[in-house]
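K.L.:
Pasting a structure below so you can have a look.
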Ligand code: PLP
């Protein structure tokens, strides 16, 4: 068995701890080194010019990266770790999830395939980026069963989130990837993370994360990352070099650290979320609970548990619930150690036109909860008390 096939055979939790750190013992260090250099001195300008010709195409070359916008060793550790955990050849990290999505769209626009087919709902700003055509792309919004018919000769990408933000709608990735034919399927895996779902195993060629969320896990780092094959990764690196949407090395350090506790965090908060979702189905102020698996699963083998996100439709005023929580943090974003609650129609999806929002199930009564690591009874106390304020 080679070193890398031995690593691949290890359990996911083991790989989450060790990915991106395999050389540390030989280096004689325990924490991963943070390289803050913005430039890399060299006395060989001609040699660097030759390397730059290659790096400018997005191809990676051995040695240090010449300049911080071309790459960074600490960021490279996070990329290697995430690629391994998603089961992809490569990964390319960005300054935020939106920067990562922007690069994916720019890659297909510059390749002459500016048409995107996308399944709603998506995170509000992702929806806006596509709907506004700001990057020169055009979009056809389609339900999963309409995707095959919506694909055209100039379609460069199909985009889906599953579970979707904020309705937790699940899409069968295997069926969708078959409907895409040769067009790459981009699955935003921010909500599930590779702990619960690995889209590449179900046919998605491109897996995107807002690393700001569960991957970082503590609400203190912004980042984005795309796991994909090496060919698409080159296009992304080439764009990142010229557009400059790089991940900071300190952020990469925090993300590698976050990955090591990702399985234990997701497992714990998913169990709490499942319990809360179950209790919420019987709460008099809740008319509907959105949680993967509450109803019979569509893609049964796609996600190993329901995850840490729950959404509820309130029978009453959702804003008074937000105003009444005392333990739960009333804030946008998700995937932190503390539980967060927000009103998608006012915050995360406010930028989407009200009629489009409503058509994709994001109604004004919906609240989205990102379940953290607190004790389930304390969370239930706070939720129950806040829901009773919903008049
Ligand atoms: N994708 C999803 C599912 C998100 O929820 C978000 C942000 O909330 C993004 C992408 C964008 O990520 P970022 O805020 O890191 O730019």
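In this note's numbering, the protein residues as written are 185 to 575. C-beta atoms are modelled at their ideal positions from N, C-alpha and C, and glycine is treated no differently.
Can you tell which of 541, 376, 519, 567 has the C-alpha that lies nearest to the C-alpha of residue 556?
P.N.:
Per the Cα distances, 519.
K.L.:
Go ahead and pull the three-state DSSP assignment for residue 526.
P.N.:
DSSP places residue 526 in strand when its eight states are reduced to three.
K.L.:
What does residue 553 pair with, by DSSP beta-bridge criteria?
P.N.:
Paired residues: 494, 525.
K.L.:
Under 7 angstroms from any heavy atom of the ligand PLP, does the C-beta of residue 349 make it?
P.N.:
Checking every heavy atom of the ligand PLP against the Cβ of residue 349, one is found closer than 7 angstroms.
K.L.:
How is the alpha helix (DSSP H) around residue 364 delimited, first residue to last?
P.N.:
Its alpha helix (DSSP H) spans residues 357-364.
K.L.:
With respect to the alpha helix (DSSP H) encompassing residue 503, which residues constitute its N-terminal and C-terminal limits?
P.N.:
Note, residue 503: alpha helix (DSSP H), 502-508.
K.L.:
Using the beta-carbon count (16 or more within 10 Å), is residue 238 buried or exposed?
P.N.:
Exposed, by the Cβ-count rule.
K.L.:
Work out the CA separation of residue 319 and residue 313 for me, nearest whole Å.
P.N.:
Roughly 8 angstroms between the two C-alpha positions.
K.L.:
In chain order, what are the residue ranges of uninterrupted alpha helix (DSSP H) at least 4 long that sit wholly in the region 338-399?
P.N.:
Correct list: 357-364, 377-380.
K.L.:
Suppose you measure from the CA of residue 562 to the CA of residue 433; what does that come to, to the nearest Å?
P.N.:
So the alpha carbons of these two residues sit roughly 36 angstroms apart.
K.L.:
Any chance you could list the alpha helix (DSSP H) runs of at least 4 consecutive residues sitting entirely within the region 424-491, in chain order?
P.N.:
433-464, all fully within the region 424-491.
K.L.:
How about residue 525 and residue 506: are their beta carbons less than 8 angstroms apart?
P.N.:
For residue 525 and residue 506, yes; Cβs fall inside 8 angstroms.
K.L.:
Any contact between the region 454-470 and the region 315-333? By contact I mean 3 or more CB pairs, one from each, below 8 angstroms.
P.N.:
No contact exists between the region 454-470 and the region 315-333.
K.L.:
Please go through the same chain and pick out, in chain order, the residues whose beta-carbon is closer than 7 angstroms to the beta-carbon of residue 566, but skip the five residues on each side of it.
P.N.:
For residue 566, where only same-chain residues beyond five positions count, the Cβ hits under 7 angstroms are 509, 510, 511, 512.
K.L.:
In chain order, what are the residue ranges of uninterrupted alpha helix (DSSP H) at least 4 long that sit wholly in the region 261-346?
P.N.:
As far as the region 261-346 is concerned, its whole alpha helix (DSSP H) runs of at least 4 residues are 281-294, 308-316, 331-334.
K.L.:
Whose C-beta lies closer than 6 angstroms to the C-beta of residue 321 among residues of the same chain, with five residues either side of it excluded?
P.N.:
Cβ neighbours of residue 321 beyond the five flanking positions: 289, 293, 298, 300.
K.L.:
Given that a residue counts as buried once 16 or more other Cβ atoms are within 10 Å of its Cβ, and exposed if not, what is residue 351?
P.N.:
It is buried - the Cβ of residue 351 has at least 16 other Cβ atoms within 10 Å.
K.L.:
Given the structure, does residue 375 come close to the ligand PLP, in the sense that its CB is under 7 angstroms from one of the ligand's heavy atoms?
P.N.:
Within the cutoff, so yes.
K.L.:
Once DSSP output is grouped into helix, strand and coil, what is the label at residue 203?
P.N.:
In the structure shown, residue 203 sits in coil (DSSP, three-state: anything other than H, G, I, E or B).
K.L.:
Using three-state DSSP, classify residue 240 as helix, strand or coil.
P.N.:
Residue 240 falls in the coil class under three-state DSSP.
K.L.:
Please list the terminal residues of the continuous alpha helix (DSSP H) segment that includes residue 411.
P.N.:
No alpha helix (DSSP H) holds residue 411; the beta strand (DSSP E) holding it covers 408-412.
K.L.:
In whole angstroms, what is the alpha-carbon distance linking residue 397 and residue 476?
P.N.:
Approximately 19 angstroms, taken between the alpha carbons.
K.L.:
My guess is that residue 483 and residue 358 are in contact by the Cβ rule of under 8 angstroms, so how many angstroms apart are they, rounded?
P.N.:
Between residue 358 and residue 483 the Cβ distance is about 7 angstroms, and since that is below 8 angstroms, they are a contact.
K.L.:
In the structure shown, what three-state DSSP assignment does residue 258 receive?
P.N.:
Three-state result, residue 258: helix.
K.L.:
Is the region 395-415 touching the region 437-451 in the sense that three or more CB pairs, one from each, lie closer than 8 angstroms?
P.N.:
As far as the Cβ criterion goes, the region 437-451 touches the region 395-415, which means the pair count is three or higher.
K.L.:
In whole angstroms, give me the CA-to-CA distance for residue 198 and residue 384.
P.N.:
Near 20 angstroms, if we compare the C-alpha coordinates of residue 384 and residue 198.
K.L.:
Compute the Euclidean distance between the alpha carbons of residue 472 and residue 528, then round it to the nearest angstrom.
P.N.:
C-alpha separation (whole angstroms): 15 angstroms.
K.L.:
If you follow the alpha helix (DSSP H) that residue 538 is in, where does it begin and where does it stop?
P.N.:
Counting along the chain, the alpha helix (DSSP H) containing residue 538 begins and ends at 538-543.
K.L.:
If you reduce the DSSP assignment to three classes, tell me which class residue 513 lands in.
P.N.:
It is a strand residue.
K.L.:
At a cut-off of 7 angstroms, would you count residue 394 as near the ligand PLP, judging by its Cβ distance to the nearest heavy atom?
P.N.:
It does: the Cβ of residue 394 is within 7 angstroms (strictly closer) of some heavy atom of the ligand PLP.
K.L.:
If we call anything under 8 angstroms between Cβ atoms a contact, is residue 375 one with residue 271?
P.N.:
In this structure, residue 271 does not lie closer than 8 angstroms to residue 375 by Cβ.
K.L.:
Is any non-hydrogen atom of the ligand MG found closer than 7 angstroms to the C-beta of residue 345, if you look at the structure I gave you?
P.N.:
As presented, the structure is devoid of the ligand MG, carrying the ligand PLP as its sole ligands.
K.L.:
Opposite residue 251 in the DSSP bridges: which residues?
P.N.:
For residue 251, which the question treats as bridged, DSSP gives the partners 223.
K.L.:
Can you determine whether any heavy atom of the ligand PLP sits closer than 7 angstroms to the C-beta of residue 239, and answer yes or no?
P.N.:
Checking every heavy atom of the ligand PLP against the Cβ of residue 239, none is found closer than 7 angstroms.
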